[in-house]
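Numbering (the numbering used here), first residue to last: 2 to 76. No residue lacks a Cβ here, since even glycine has one placed at the ideal position from N, Cα and C. The next block holds one structure in the form of structure tokens; read it before the comments.
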Amino acid sequence: MRCHGMVRKFVGPGFAEIAARYRTDAAAPERLAGKIRAGSVGTWGAVIMPRQPQVSEAEAQALAAWILSQPAGPP
Ligand code: HEM
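If you want it as structure tokens, here you go:
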């Protein structure tokens, strides 16, 4: 929670920003679940999201679905 705000960017993108970006992307849940476990860089900027190997496959799927369900934040 130090890295991701619910709405706005801190170190990484806010969860509402991620949801808005992938709202119409049917492949997003699977891809983001993979990135949550494997880590990511270059999609939002040059800052690296470290991999989270302690997160199980099932947990990553649940987290991705939850992130993508976030409503748009205030402008
Ligand atoms: C289990 C915990 C976490 C979850 C569920 C999560 C989730 C996500 C998701 C869904 C994305 C979007 C990836 C994309 O658009 O392809 C993302 C990106 C990012 N996250 Fe996280 N994250 C977690 C932990 C962290 C931590 C601990 C940090 C900071 C140390 C972090 C920093 C970032 C950054 C910098 C990005 C942008 C990476 C890029 O540009 O490709 N995240 N995260």
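Cβ pair residue i, residue j closer than 8 Å
i	j	result
residue 61	residue 38	yes
residue 51	residue 40	yes
residue 20	residue 7	no
residue 3	residue 11	yes
residue 15	residue 45	no
residue 30	residue 73	no
residue 49	residue 56	no
What beta strand (DSSP E) runs, 3 residues minimum, are completely inside the stretch 30-59? none
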